[in-house]
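Numbering (our numbering), first residue to last: -8 to 232. We put the CB at the ideal spot given by N, CA and C, even for glycine. Before any comments, here is the structure.
Encoded structure:
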């Protein structure tokens, strides 16, 4: 005799809620093979096998719509959906691998240098965010990372303080209404550019990329308060040199 499960029994067997089973039926994803005379859903062993396949596909990240398309579209549609999911998973794996590499690099820096405080670690990880590849090549990023890991922490802290001081003095001149073509504004802008150039190892390309980064990310912690208005002011000062 053919065995059937009612919705409540199937819910208890699979762990899915009654609401979920009803929703699957409503969207045409998983419907019962039979119903009682009063309209109650009845599921057989083939239905149970179909549901297990649906749950397996859902567990690998396919959406309910994609699973439904696979069921109704035959082998070609199944292959297309699986290819899309494989591509998504590869992208996720690559992103995870990049994140793992960045964290391992941060860990090496933390172990080989003096103990970093929370602010320094935040700055380091901020510099390693994925969007930096819009501004720097992979080789340039690796160079910056190596410089950080191998550099002198006290010297770098002094440079950071100098950078922050320059930005602060520039802001004071900006707020005072000092023309960007003034001698003092020009001197401060030149100091800023010298620091960026030093970090860029004199590379015109890397320096241009660094300037693009600061222009596009004025609120970054790495800009030390160099917002968009102040950045434009400094660029005007540099253009007059």
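Next item on the list: Would you kindly report the start and end of the unbroken alpha helix (DSSP H) that includes residue 229?
Entry: 219 to 230
Checklist line | Where residue 15 sits in the DSSP three-state scheme | finding: helix
Margin query: Quick check on this structure: which residue in 30, 44, 183 and 4 has the alpha carbon closest to the alpha carbon of residue 152?
Written below: 183
Notebook entry, point to check: Which of the three DSSP states, helix, strand or coil, is assigned to residue 53?
Noted result: coil
Next item on the list: Provide the residue(s) that pair with residue 33 in DSSP beta bridges, ordered along the chain.
Entry: -3 and 25
Checklist line | Close Cβ partners of residue 110 (< 6 angstroms) along its chain, the five nearest in sequence each way excluded | finding: With a pLDDT of only 48 at residue 110, under 50, the local geometry of the prediction cannot be trusted, and the value read off the model is given with reservation. Cβ neighbours of residue 110 beyond the five flanking positions: none.
Check: Which class does residue 169 belong to by DSSP, given the choice of helix, strand or coil?
Finding: coil
Margin query: Quick check: what's the CA-CA separation for residue 5 versus residue -5?
Written below: 14 angstroms
Next item on the list: Assign residue 241 to one of three DSSP states: helix, strand, or coil.
Entry: This structure does not reach residue 241, given that the chain is present from -8 up to 232, and the question cannot be answered.
Next item on the list: Put residue 20 into one of helix, strand or coil per three-state DSSP.
Entry: coil
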